[in-house]
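Keeping their order, the protein sequence lines are chains A and B.
Every position in the first sequence, counted from 1, becomes a number in this note's numbering once 163 is added.
Every position in the second sequence, counted from 1, becomes a number in this note's numbering once 163 is added.
Glycine included, C-beta positions come from ideal geometry on N, C-alpha and C.
The block underneath contains the structure these notes are about, expressed in structure tokens.
There are 2 protein chains.
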Amino acid sequence: MKKVGIAILGLGVVGGGTYEILRDHREFYKKTQDVDLEVVSVLELRRDRIEALGIPEENVASNIAEVVSNPDVNIVVEVMGGVGKAREFVLDALNAGKTVVTSNKELVCKYSHELERAAKRHNAGLYFEASCVGGVPIIRTLLDGVQANHISSMMGIINGTTNYILTKMTNDGASYLDVLKEAQSLGYAEADPTADVEGFDAAYKLSILSSLAFHTKVPFSKIFREGITTVTQDDIAYGKELGYCLKLLAIGKQTEEGIEVRVHPAFIKKEHPLASVNDSFNAVYLTGDAVDDVMLYGRGAGALPTGSAIVSDIIYAATHSENKYSTFKNNATAEKDVKFVSNFKSAYYLRLTVNDEAGMLAKIAAVFGKQDISIQEMVQKENAQDGKATLVLVTHATRELSLRSAVSKIASLGIATVDSVLRVVS
Amino acid sequence: MKKVGIAILGLGVVGGGTYEILRDHREFYKKTQDVDLEVVSVLELRRDRIEALGIPEENVASNIAEVVSNPDVNIVVEVMGGVGKAREFVLDALNAGKTVVTSNKELVCKYSHELERAAKRHNAGLYFEASCVGGVPIIRTLLDGVQANHISSMMGIINGTTNYILTKMTNDGASYLDVLKEAQSLGYAEADPTADVEGFDAAYKLSILSSLAFHTKVPFSKIFREGITTVTQDDIAYGKELGYCLKLLAIGKQTEEGIEVRVHPAFIKKEHPLASVNDSFNAVYLTGDAVDDVMLYGRGAGALPTGSAIVSDIIYAATHSENKYSTFKNNATAEKDVKFVSNFKSAYYLRLTVNDEAGMLAKIAAVFGKQDISIQEMVQKENAQDGKATLVLVTHATRELSLRSAVSKIASLGIATVDSVLRVVS
């Protein structure tokens with residue numbers, strides 16, 4: 164039976180989970196995968212973590228050189244996070260010919276070109292299933308499950324923290340800040356929640372997934388990004404009335420105009436399969452030219468789900484002899500001949516506070532008409548107190564720039580304030 | 164660039180779809196997969212099908228010997244269906260050392276042991292993603308995506324015809340027979356619908372999927388099977404009132420008692436992700452000890468979705484050098500030391516017509532009590548016309564045999580008729 168030695172860099176939540184899965188399933192993998200996977204080395208500064216897992220002293224390395232020069236180490240698992248030491252250590256491992264399995268989305272997003280170059284040069288494997296959507300095998304699916312397809316569209320709920328927050332806001336009617344605080348106290352959101360709530364985390368993942376789906380490098384810089392910090396309970400409630408559910412969506416499209424990649428909150432019809440993806444669950448909804456629609460759903464984070472993706476990559480690496488790399492030019496930047504669409508098409512939800520007076524609607528309608536924007540649905544709510552009314556409307560598909568022009572024009576007319584603009588996805 | 168020659172046996176719906184995908188994506192696969200896939204041989208008796216696809220005469224084989232002796236053929240795609248000629252031809256191909264890709268669930272379910280033995284002997288590949296759930300990469304996921312997990316449970320909507328029928332019955336209030344007729348006229352159901360509506364098709368797939376998930380042969384004969392032909396509109400409507408949706412579920416569980424495999428209509432809470440899988444969409448909901456819950460959703464049938472699975476298998480075979488086989492003993496029958504659970508646990512929905520008289524409920528309750536069955540929910544509907552009432556009840560989890568005993572006892576008391584018994588899944 165093939166014996167494969169594993170090193171784990173970092174024994175935080177995911178590293179600890181990975182260690183436990185490998186330890187508790189060793190006999191199971193011998194039986195079901197015909198391979199003996201053993202953790203032979205760990206690199207971790209915190210003694211308490213090493214002790215909590217009961218790792219024998221002889222398996223604790225004191226530096227990365229010790230790990231990568233260890234002939235018993237075949238696969239190095241990087242679960243440290245960040246792009247400082249993690250990048251350095253991963254390169255050390257690849258340069259020593261070790262196969263690397265990583266859960267580090269920021270690292271893969273920003274440096275896959277560099278890592279892949281090192282991997283190729285030393286005939287090492289590079290696996291990163293765990294970098295996107297936890298235990299859901301979306302990367303394996305893109306590589307080996309729907310690779311027969313031209314993928315035209317990908318829509319994902321790929322950040323657990325924001326989905327938890329939006330689900331709570333939707334179901335409990337709580338405010339963004341209250342739910343954020345609760346999520347922080349439960350450990351679902353970081354003390355500094357920026358990476359999640361501003362959509363960085365989702366954008367890193369979208370960069371990785373859309374590069375694979377569209378077979379060309381989609382750098383982070385090309386991704387339009389808007390977070391959920393300004394989402395209000397009012398909008399969620401009005402959206403609900405109109406049959407919509409608000410989600411932070413990561414969207415990738417490949418159209419004749421080019422590639423379109425964006426992360427932003429969006430209303431989606433409540434019948435859409437993504438609308439029922441709640442709490443910290445994640446999902447990716449793909450459309451291919453042969454397979455049509457496919458959705459993968461599961462836990463996007465957590466020690467064991469992410470550990471599942473890591474260990475599945477380890478088993479894959481241990482039981483396949485070829486190392487595969489991108490078939491596209493994996494550079495730091497996009498290919499010159501690939502177009503990216505920034506003035507994308509979308510339907511929009513707008514909430515306005517209007518002066519409740521005759522002719523107001525006609526004036527607003529004229530602004531939209533001038534931009535060729537047609538209205539799909541409109542609801543007016545009186546607000547007797549101040550002679551103002553709330554006007555909620557949903558447009559048909561239009562261009563982002565046309566919509567923005569209309570919004571500035573309305574603001575400049577002085578008859579209404581535009582309180583929120585959200586995209587609507589169908 | 165590696166050139167791979169493909170033969171297609173059968174140019175029906177799926178064979179034709181596969182041919183078109185390969186033809187239309189040839190340049191795309193060269194670019195994205197670094198492989199040149201060419202259909203070099205087809206075997207099909209109907210000239211009209213060959214002509215409709217514009218296949219050059221020199222690529223039309225006149226018999227299987229010609230196909231398998233053709234040195235340009237590397238991969239043989241079997242999309243004929245059935246277990247007569249298809250079995251013979253697949254064995255011929257494997258015995259000639261050709262890798263086989265098949266969509267034939269009945270063949271894989273009943274003869275995987277025989278096919279795998281031939282494949283191993285001749286170092287040929289054997290791929291069958293397309294045999295289960297169309298374009299949804301559930302087999303790749305079990306093999307290479309969640310293989311780090313002990314899978315404890317699998318619940319699937321894996322037959323499109325029955326899901327179409329049940330969805331229509333649920334949404335339109337139509338009767339089973341009316342919807343079946345409509346499905347037949349639309350081509351969604353066969354003239355003889357037995358394989359679908361009696362659950363055979365789902366059971367073939369469940370045998371394949373649960374063998375892979377549980378790492379042991381789960382033969383068709385071990386699967387408890389009940390179709391949808393007796394499902395009534397009344398039950399669907401009462402279920403709806405109670406918050407349930409009726410689906411034909413294929414369930415596989417691995418518990419301490421053993422393996423439990425069953426196909427039957429079942430009520431599922433309308434909030435469950437499987438409840439929103441409608442029309443001809445399919446889905447499989449897995450639970451693993453590390454990954455927790457994962458669902459894969461997509462089109463379970465059709466020329467292009469199934470063709471997508473076939474071509475994805477072809478690309479996988481063409482770009483991976485190892486041929487992998489079951490790590491469990493793939494025999495015709497189950498392993499001797501593996502236990503199967505037939506007296507499984509489930510909650511149940513019952514609809515009774517009762518004499519609307521004093522003490523009736525107490526008598527029925529006593530029967531359930533004697534079998535240790537507790538009632539979760541009960542609704543009584545008066546039916547003034549004949550002094551009878553309808554009693555709908557949902558039990559807590561109990562054993563199949565206890566429930567059956569209770570049902571016979573109630574029938575023997577002469578105070579009620581049991582009109583339907585359906586399982587309820589949580």
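- Annotation: the continuous beta strand (DSSP E) that includes residue 165 of chain A extends over 165-172.
- Contact note: residue 490 of chain B reaches chain A through 194, 195, 196 and 197, using a C-beta cutoff of 9 Å and chain order.
- Around residue 371 of chain B, no beta-carbon contact reaches into chain A at under 9 Å, the shortest distance being about 16 Å.
- Only those residues of the segment 286-318 of chain A whose C-beta falls short of 7 Å from the nearest C-beta of chain B are listed: 298, 299, 300, 303, 304, 307, 308, 309, 310, 311, 312 and 313.
- In this structure the segment 405-422 of chain A lies against the segment 318-328 of chain A, because at least three pairs of beta carbons, one per stretch, are closer than 8 Å.
- Within its own chain, the residues whose Cβ lies closer than 7 Å to the Cβ of residue 505 of chain A, once the five positions on either side in sequence are excluded, are 387, listed in chain order.
- Between the alpha carbons of residue 395 of chain B and residue 215 of chain B lies a gap of roughly 42 Å.
- Along the length of the segment 420-476 of chain B, whole beta strand (DSSP E) runs at least 3 residues long occupy 421-432, 444-451 and 455-462, reported in chain order.
- Chain-order list of chain A residues neighbouring residue 421 of chain B: empty, with the shortest C-beta distance near 17 Å, by a criterion of under 7 Å.
- A residue is called buried when at least 16 other Cβ atoms come within 10 angstroms of its Cβ; residue 190 of chain B does not meet this threshold and is exposed.
- Contact between the segment 166-174 of chain B and the segment 202-212 of chain B is present: three or more C-beta pairs spanning the two stretches fall below 8 Å.
- Counting only residues of its own chain and dropping the five nearest sequence neighbours on each side, residue 286 of chain A has a CB closer than 8 Å to the CB of 260 and 486.
- Per DSSP, residue 243 of chain A is not a residue of any beta strand (DSSP E), being assigned neither H nor E.
- Interface with chain B (8 Å Cβ-Cβ cutoff): residue 458 of chain A is included.
- Contact check for residue 479 of chain A and residue 307 of chain B: beta-carbon distance about 5 Å, within the 8 Å limit, so the pair qualifies.
- Chain order gives the chain B residues near residue 191 of chain A as 313, where near means a beta carbon separation below 8 Å.
- C-alpha of residue 509 of chain B to C-alpha of residue 586 of chain B: approximately 6 Å in a straight line.
- Within the segment 471-486 of chain B, contact with chain A at the beta-carbon level (separation under 7 Å) is assigned to 471, 474, 475, 478, 479, 483, 484 and 485.
- Those residues of the segment 212-238 of chain A placed with their C-beta closer than 9 Å to a C-beta in chain B do not exist.
- In the DSSP assignment, residue 319 of chain A is bridged to A:413 and A:447.
- Against chain A, a Cβ distance below 8 Å from residue 461 of chain B picks out 454, 455, 456, 457 and 458.
- For residue 253 of chain B, no beta strand (DSSP E) segment is defined; the enclosing uninterrupted segment is the alpha helix (DSSP H) at 248-258.
- Beta-bridge analysis with DSSP links residue 200 of chain B to B:167.
- Rounded to the nearest angstrom, the gap between the Cα atoms of residue 524 of chain A and residue 511 of chain A is 18 Å.
- Inclusion of residue 376 of chain B and residue 314 of chain B in the CB contact set at 8 Å is warranted, their separation being smaller than that value.
- According to the DSSP secondary-structure assignment, residue 515 of chain B is paired through a beta bridge with B:554 and B:581.
- Between residue 401 of chain B and residue 588 of chain B, the C-beta gap is not smaller than 8 Å, which leaves the two residues out of contact.
- Ranked by how close their Cα comes to the Cα of residue 343 of chain A, the residues A:258, A:442 and A:419 have A:442 in first place.
- Residue 450 of chain B sits away from residue 196 of chain A, with the two beta carbons spaced by 8 Å or more.
- Spanning the alpha carbons of residue 164 of chain A and residue 484 of chain A requires a straight line of approximately 15 Å.
- The residues 565, 568 and 569, in chain order, have a CB closer than 6 Å to that of residue 534 of chain A in the same chain once the five nearest residues on each side in sequence are set aside.
- If you draw a 10 Å sphere on the C-beta of residue 312 of chain B, you find 16 or more other C-beta atoms in it, and that means buried.
- Spatial neighbours of residue 254 of chain A in its own chain (CB-CB distance under 6 Å, excluding positions within 5 residues in sequence) are listed in chain order as 281.
- By the criterion of at least three beta-carbon pairs nearer than 8 Å, the segment 492-499 of chain A is in contact with the segment 270-284 of chain A.
- Not a single C-beta of chain A is nearer than 8 Å to the C-beta of residue 509 of chain B.
- Distances from the CA of residue 263 of chain B to each of B:481, B:571 and B:558 were compared; the closest alpha carbon is that of B:481.
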